[in-house]
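Novice: I'd like to ask some things about the structure below.
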Amino acid sequence: MTTTPVVTRFAPSPTGFLHIGGARTALFNWLFARANGGKFLLRIEDTDRARSTPEATEAIFAGLKWLGLDWDDEAVSQFERIERHAEVAQELLAKGAAYKCFSTQEEIAQYRETAKDEGRSTVFRSPWRDATDLPDAPYVVRLRAPRDGETVVEDVVQGRVAWKNETLDDLILLRSDGTPTYMLAVVVDDHDMGVTHVIRGDDHLTNAARQVLILDAMEWSRPTYAHIPLIHGEDGAKFSKRHGAPGVEDYRDMGYPAEAMRNYLARLSWSHGDEEFFTTEQAIEWFGLDTISKGAARFDFKKLDNLSGQHLRAMDDVELTELLTDYMALQQMPVPNQDTRAKLTVAMPALKDRAKKIPDLLEMGHYLLTARPIEMDEKAAAQINDVSRGMLERLTVRLRNANWSHNDLEAAIKAFAGEEELKLGKVMQPMRSVLTGRSTSPSIFDVLVHLGREESLARIDDMLAAA
RNA sequence: GCGCCCUUCGUCUAGUGGUCUAGGACGUCGCCCUUUCACGGCGAAAACACGGGUUCGAGUCCCGUAGGGCGUACCA
Numbered sequence: 308m309t310t311t312p313v314v315t316r317f318a319p320s321p322t323g324f325l326h327i328g329g330a331r332t333a334l335f336n337w338l339f340a341r342a343n344g345g346k347f348l349l350r351i352e353d354t355d356r357a358r359s360t361p362e363a364t365e366a367i368f369a370g371l372k373w374l375g376l377d378w379d380d381e382a383v384s385q386f387e388r389i390e391r392h393a394e395v396a397q398e399l400l401a402k403g404a405a406y407k408c409f410s411t412q413e414e415i416a417q418y419r420e421t422a423k424d425e426g427r428s429t430v431f432r433s434p435w436r437d438a439t440d441l442p443d444a445p446y447v448v449r450l451r452a453p454r455d456g457e458t459v460v461e462d463v464v465q466g467r468v469a470w471k472n473e474t475l476d477d478l479i480l481l482r483s484d485g486t487p488t489y490m491l492a493v494v495v496d497d498h499d500m501g502v503t504h505v506i507r508g509d510d511h512l513t514n515a516a517r518q519v520l521i522l523d524a525m526e527w528s529r530p531t532y533a534h535i536p537l538i539h540g541e542d543g544a545k546f547s548k549r550h551g552a553p554g555v556e557d558y559r560d561m562g563y564p565a566e567a568m569r570n571y572l573a574r575l576s577w578s579h580g581d582e583e584f585f586t587t588e589q590a591i592e593w594f595g596l597d598t599i600s601k602g603a604a605r606f607d608f609k610k611l612d613n614l615s616g617q618h619l620r621a622m623d624d625v626e627l628t629e630l631l632t633d634y635m636a637l638q639q640m641p642v643p644n645q646d647t648r649a650k651l652t653v654a655m656p657a658l659k660d661r662a663k664k665i666p667d668l669l670e671m672g673h674y675l676l677t678a679r680p681i682e683m684d685e686k687a688a689a690q691i692n693d694v695s696r697g698m699l700e701r702l703t704v705r706l707r708n709a710n711w712s713h714n715d716l717e718a719a720i721k722a723f724a725g726e727e728e729l730k731l732g733k734v735m736q737p738m739r740s741v742l743t744g745r746s747t748s749p750s751i752f753d754v755l756v757h758l759g760r761e762e763s764l765a766r767i768d769d770m771l772a773a774a
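In our numbering, each residue's number is its place in the first sequence (first place is 1) plus 307.
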């Protein structure tokens, strides 16, 4: 027995951006290919010229790259293969497996209407299926589909799915303008590209029945099908724009690391026991079509946030600093210089401890990214009054003589609070305001150390001078 | 309308006839830690859609019902 190498593909239509559902489909295909040492191919389904744009194609490339889903070989343009699609249609015609249908769209619509009125099946039955006397008029090429028996698709996730052939119509292969339909194009392309496993959304499950008919007519072998459930929004309806963030770039912009995104998306309708948090390497090791469930999953931002935080905390500090500066560049923010980056890396353990997304890192590390004079936000400013000002003034005197280490500073400040009979928080919060301009930040002792003696004291002096 | 698919805590899921008085994770609530916010630790509430079968025994198999989804184009 020869083992044929696995070939999967992702085949999006370039009509906008990389949809979150599409991204998950791409991820499954990628994971399966990588898990089996196979190939992951990309095909752009751009045969609908009116809706396809080069920008959308670029957006899909960008989305996949950001997610880290690298594809093998050149991306295939379906549009460029229409000659080949037509060729197959001709072959089918020659074999008698397809026929020319001269019914107009109006006639078809009429047929369906009367069928509906009479309570019959609305599946169109072309009068040209067995006609011998053909007019000289525009025609479409239809598949001569079997009318008896049933068509069965063995799907690795859905199981055995069967349709009575009488419910399937003679689908159109070539339109009256000679261009191929989607049904024909997918089948031909998948075959020519050597795709062994078709992993796609279960909105294509019904299409599989008709595609299999084309395959059979051409006497081509069938790929393994895996129709995976769709991703729904938090309200249970198909994930769309009104759910807030339909495109992968939205998640990039919100500051989720790609690794967290892969982890979260992988866990939607797929699982490996109780594993929740894992690396991409582990996902590749564990992934299998047999552990995909049939039910649609709802997208849950809360869980994504949690996973994202875990990934942030697991990341290396230098790597995280890079991720942070890349994000700042992406958001058109001034990118910190080498010196500031070094400080960010040092502070990173404290910053990442309380972050879920990259912008949280930015917020936490704000004190390192801002220069004197510090601007306080509203909550921070509320901490400053005559009492806290006086307190800080007395504290500063102590600080000037303190040894500038985390432990010594902590000891000095605690001693001060004790003498003033103040709860530590009463001392810390005003300090936080003055040093960071925020009401939340890493530990003040850390902040003092990160900032250094000179900068810390200067920030306090600024405030006192402004009084 | 017709066809196909789906249905375990609020959410993601484990579960492949007995070990399920149903496990984990997120979220929620409580307690602890604590200078804020987080993180972390401990604990709690919380589900087999419903009804029939099959079986000694069903979350697990079969059939209905209900609910949801997808499809039903000379779109992809």
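Virtual Cβ for every residue (Gly too), placed ideally from N, Cα, C. Quantities reported herein were computed from a predicted structural model and do not represent experimental measurements.
Check whether the stretch 454-472 touches the stretch 497-516, counting contact only when three or more Cβ pairs, one atom from each stretch, lie closer than 8 angstroms.
Specialist: Short answer: they touch.
Novice: Is the beta carbon of A603 closer than 7 angstroms to that of P536?
Specialist: Cβ distance < 7 angstroms, so P536 and A603 count as in contact.
Novice: Label T315 either buried or exposed according to how many other C-beta atoms from any shown protein chain fall within 10 Å of its C-beta, with 16 as the threshold for buried.
Specialist: Classification for T315: buried.
Novice: Consult DSSP for E556 and reduce its assignment to one of helix, strand or coil.
Specialist: Helix, per DSSP.
Novice: Taking the alpha-carbon of S428 as reference, which of Y418, K664 and D437 has the nearest alpha-carbon?
Specialist: Nearest of Y418, K664 and D437 to S428, Cα basis: Y418.
Novice: Residues in the same chain with beta-carbon distance under 6 angstroms from P680, minus the five sequence neighbours each way, listed in chain order, please.
Specialist: Excluding positions up to five away in sequence, the list reads D769.
Novice: Does the stretch 609-628 come within contact of the stretch 659-675, defined as at least 3 CB pairs closer than 8 angstroms?
Specialist: Touching, per the Cβ criterion.
Novice: Consult DSSP for Y418 and reduce its assignment to one of helix, strand or coil.
Specialist: Correct three-state label for Y418: helix.
Novice: Give the secondary structure of I751 by DSSP, where H, G and I count as helix, E and B as strand, and everything else as coil.
Specialist: In the structure shown, I751 sits in a helix (DSSP, three-state: H, G or I).
Novice: Do V625 and T262 have their beta-carbon atoms positioned less than 7 angstroms apart in this structure?
Specialist: One cannot answer for residue 262 here, as it falls past the ends of the chain, which runs 308 to 774.
Novice: Rounded to a whole number of angstroms, what is the C-alpha to C-alpha distance between R432 and D497?
Specialist: For R432 and D497, the distance between alpha carbons rounds to 28 angstroms.
Novice: Counting along the chain, where does the alpha helix (DSSP H) carrying D496 start and finish?
Specialist: Segment Y489 to D499, the alpha helix (DSSP H) holding D496.
Novice: Report the three-state DSSP secondary structure of M308 (helix, strand or coil).
Specialist: Residue confidence for M308 is low, a pLDDT of 45 falling below 50, so the modelled location carries little weight; the figure read from the coordinates is stated next. In the structure shown, M308 sits in coil (DSSP, three-state: anything other than H, G, I, E or B).
Novice: With DSSP as the reference, label L348 as helix, strand or coil.
Specialist: Of the three classes helix, strand and coil, the one that applies to L348 here is strand, per DSSP.
Novice: Using 8 angstroms for Cβ pairs, my map puts P487 next to H392. What's the rounded Cβ distance?
Specialist: Their Cβ separation, rounded to whole angstroms, is 4 angstroms, which keeps P487 and H392 in contact under 8 angstroms.
Novice: Tell me, to the nearest whole angstrom, how far the beta carbon of I506 is from that of F339; I am working on the premise that it is less than 8 angstroms.
Specialist: Yes, they are in contact, since the Cβ atoms of I506 and F339 sit about 6 angstroms apart, within 8 angstroms.
Novice: Closest by CA to L627, which one among E588, P564, Q639 and M568?
Specialist: Out of E588, P564, Q639 and M568, P564 has the C-alpha closest to the C-alpha of L627.
Novice: Taking 7 angstroms as the threshold (C-beta atoms), are R559 and W373 in contact?
Specialist: Yes, Cβ-Cβ distance for W373 and R559 is below 7 angstroms.
Novice: Which one or two residues does DSSP pair with T315 in a beta bridge?
Specialist: T315 is bridged to F347 and H504.
Novice: Please report the residue range of the beta strand (DSSP E) in which Y674 lies.
Specialist: Counting along the chain, Y674 falls outside any beta strand (DSSP E), though it belongs to the alpha helix (DSSP H) covering H673 to L676.
Novice: Have a look at D557 and T503 and give me their C-alpha separation to the nearest angstrom.
Specialist: Straight-line Cα distance between these residues: approximately 32 angstroms.
Novice: The beta strand (DSSP E) that contains H618, what's its start and end?
Specialist: It is not in any beta strand (DSSP E) - H618 instead sits in the alpha helix (DSSP H) that spans F608 to A621.
Novice: From G580 to A590, what distance separates their C-alpha atoms?
Specialist: Taking the straight line from one Cα to the other gives about 12 angstroms.
Novice: Does the separation of the CB atoms of R791 and E473 fall below 7 angstroms?
Specialist: Because the chain in this structure spans residues 308 to 774, residue 791 falls outside the shown range and cannot be described.
Novice: Can you find at least 3 beta carbon pairs, one from the stretch 439-446 and one from the stretch 394-402, that sit closer than 8 angstroms?
Specialist: No, they do not touch.
Novice: Could you tell me whether the Cβ atoms of A357 and P321 are closer together than 7 angstroms?
Specialist: Cβ distance not < 7 angstroms, so A357 and P321 don't count as in contact.
Novice: Would you call the stretch 741-748 and the stretch 661-677 touching, i.e. three or more CB-CB distances under 8 angstroms?
Specialist: Counting Cβ pairs under 8 angstroms, three or more are found: they touch.
Novice: Which stretch, first to last residue, makes up the alpha helix (DSSP H) that contains A565?
Specialist: Looking at the DSSP string, the run of the alpha helix (DSSP H) that includes A565 is A565 to A573.
Novice: Out of P643, Q639 and G616, state which residue places its alpha-carbon closest to the alpha-carbon of E629.
Specialist: Comparing Cα positions, the closest option is P643.
Novice: First and last residue of the alpha helix (DSSP H) that includes W470?
Specialist: It is not in any alpha helix (DSSP H) - W470 instead sits in the beta strand (DSSP E) that spans G466 to K471.
Novice: Taking the Cβ atom as the reference point for each residue, do V395 and V493 lie within a distance shorter than 7 angstroms?
Specialist: Going by C-beta atoms, V395 is not nearer than 7 angstroms to V493.
Novice: Quick one: what's W577 bridged to in DSSP?
Specialist: According to DSSP, W577 bridges with I599.
Novice: Tell me the DSSP secondary structure of L771 in three-state form.
Specialist: It is helical.
Novice: From A342, A533, L376 and D355, pick the residue whose C-alpha is nearest to that of L349; which is it?
Specialist: Among A342, A533, L376 and D355, the Cα nearest to that of L349 belongs to L376.
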